[in-house]
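Chains as they are written, first to last, in the numbering used here: chain L, 11 to 76; chain Z, 2 to 160.
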């Protein structure tokens, strides 16, 4: 699964740390998601979507291998 | 995040305080070959007792040095608290690392146990079983904290 969290975060100009606080996860989680090392739960995906005012589909996209 | 079956974060510190001194003291005494039975002798209740050169008994009271029992319990309680207390920022990703580390530790533990079973014979096998009491949690603690450390490092390099 791919995501464009890094881009969205840059647009909003918010650090990993602050985003982590905002959606109540650890900074490692944000970091791992941006690197594509971690696929978040539905709840976390929805929280991110709410924060960035996007739909989940606009943030996360399936890859061939999924 | 709601977490099941985990202790609060402050229990982790208590765990370290119980675990490290008891493990060190236990290991030093064990390696030095001291007879644990000599220390803190007192009467204890025994559900089952099978002492050397005496017949086995159920539900009895025996005289026993309790130093080894105390150390073993402290090490186990300490290791459980370290392993299963929430981290400061426990979330779903940390839970995943926790789960993976637990699987990893279980595999490593039983691989070593299988090898030990096949190549260690006689009374030494008793020591293998003794080490096995703590080994799995020890492997878990090392692996879990190493993974968290690696993550912290890589996400610090980032920004």
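Glycine included, C-beta positions come from ideal geometry on N, C-alpha and C.
As assigned by DSSP and simplified to three states, the class of residue i
i: residue 64/Z; result: strand
i: residue 90/Z; result: coil
i: residue 127/Z; result: helix
i: residue 64/L; result: coil
i: residue 102/Z; result: helix
i: residue 8/Z; result: strand
i: residue 51/L; result: coil
i: residue 97/Z; result: helix
i: residue 142/Z; result: helix
i: residue 74/Z; result: helix
i: residue 25/L; result: coil
i: residue 122/Z; result: coil
i: residue 28/Z; result: helix
Bridge partners - residue i, DSSP secondary structure assignment
i: residue 71/L; result: 12/L
i: residue 150/Z; result: Per DSSP, none; premise fails for residue 150/Z.
i: residue 43/Z; result: 65/Z
i: residue 50/Z; result: 58/Z
Residue i and residue j closer than 8 Å at C-beta
i: residue 15/L; j: residue 43/L; result: yes
i: residue 51/L; j: residue 70/Z; result: no
i: residue 144/Z; j: residue 117/Z; result: no
i: residue 19/Z; j: residue 82/Z; result: yes
i: residue 66/L; j: residue 56/L; result: yes
i: residue 66/Z; j: residue 41/Z; result: yes
i: residue 61/L; j: residue 34/L; result: no
i: residue 103/Z; j: residue 141/Z; result: yes
i: residue 69/L; j: residue 23/L; result: no
Which residues, taken in chain order from the stretch 14 to 37 of chain L, show a beta carbon closer than 9 Å to some beta carbon of chain Z?
25, 26, 27, 30, 34, 35, 36, 37
Contact list for the stretch 92 to 123 of chain Z against chain L, Cβ threshold 8 Å
92, 93, 94, 95, 97
Near-chain L residues of the stretch 135 to 154 of chain Z (beta-carbon distance less than 9 Å), N- to C-terminal order:
149, 152, 153
Is there contact here, the stretch 77 to 88 of chain Z with the stretch 54 to 61 of chain Z, by at least three beta-carbon pairs under 8 Å?
no
Proximal residues, the stretch 49 to 63 of chain L versus chain Z, C-beta separation under 9 Å
50, 51, 53, 54
Interface residues of the stretch 72 to 90 of chain Z facing chain L [CB-CB below 7 Å]:
90
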